[in-house]
Structures are given as structure tokens and as C-alpha cells.
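A.B. asks: Sharing a structure below in C-alpha cells format, with a few things to ask.
In the working numbering, the protein residues as written are 1 to 129.
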């Protein structure tokens with residue numbers, strides 16, 4: 001009985017570890033929602049400033065930006081994109097930022113190369129994700 005219980009417990013522990021690793025890897029594959037170019041860096045400040053008007057989404061010539069729905073990974077109405085699905089094309093004239101009436105995106109931005117979107121984040125040190 002003890003031998004069988006030990007074997008079962010070991011098997012369950014192994015399955016649990018594999019499922020945990022799978023979850024971390026699936027998070028990495030799904031991609032991370034990012035704010036538009038020249039968004040306020042602080043997430044709370046961006047959320048407070050953004051009026052969810054959708055003008056930045058309409059201004060994007062590549063249809064890369066989306067307004068979040070109730071099922072989206074960010075607050076409903078918030079503009080976002082997932083670079084893994086469709087990356088920002090880094091428009092030189094930055095139409096999305098120029099369209100923003102609220103200050104959530106910097107309308108004064110002139111050099112797209114100074115944008116700070118999608119900087120690397122380590123999700124799990126053990127699996128290097």
C-alpha cells in the first residue's frame with residue numbers, strides 16, 4: 001500500500017510541475033498586451049489619462065491597435081496591441097500619438113525611435129521566459 005501511495009504521490013507531483021511549466025510557456029506564447037507608442041510609462045497614470053475614445057486606434061494606418069473588449073487582457077476600452085500577433089510598424093509621423101486628445105499618449109513626440117514599448121520582462125527565472 002505504501003509503495004503504491006508513494007508512486008501515486010510522485011506521479012502527481014511530476015504532473016503538477018509539468019502543468020506549471022506549461023502554463024508559464026503558454027503565457028509567453030500568447031504575448032503580452034502593450035500600450036501604444038509614447039503612452040505614459042506608468043500603467044496607472046496611463047489608465048487614468050486615457051479617455052478610451054479610440055482615436056489612436058482609428059489613426060493607426062496598419063490596424064495594429066485595438067480597443068479592449070470585456071474579454072480582452074486589459075481594461076475594457078483601453079487601446080493595446082500584442083506584438084507577437086501584429087507588431088507596431090513604428091510610423092515615422094506617429095499618427096496614433098498625435099490623435100490622442102487626453103495626454104495618455106505624448107502628442108509632442110517626434111522621433112519614433114525614442115518610444116519605449118514592449119521592453120523585455122522576465123516572467124520566470126527558472127524557465128528563462
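Cβ atoms here follow ideal geometry from the backbone N, Cα and C, with glycine treated the same way.
With three or more C-beta pairs closer than 8 Å as the rule, is the segment 98 to 106 touching the segment 62 to 74?
C.D. replies: Contact fails: fewer than three Cβ-Cβ distances are below 8 Å.
A.B. asks: Here's the rule: buried if 16 or more other CB atoms are within 10 angstroms of the residue's CB, otherwise exposed. What is residue 78?
C.D. replies: Classification for residue 78: buried.
A.B. asks: For residue 86, which option in 95, 117 and 65 has the closest C-alpha, if you only look at C-alpha atoms?
C.D. replies: Answer by Cα proximity: 65.
A.B. asks: Going by the CB atoms, is the gap between residue 34 and residue 90 shorter than 7 Å?
C.D. replies: No, these two residues do not count as a Cβ contact at 7 Å.
A.B. asks: With DSSP collapsed to three states, give me the class of residue 81.
C.D. replies: Residue state, collapsed to three classes: strand.
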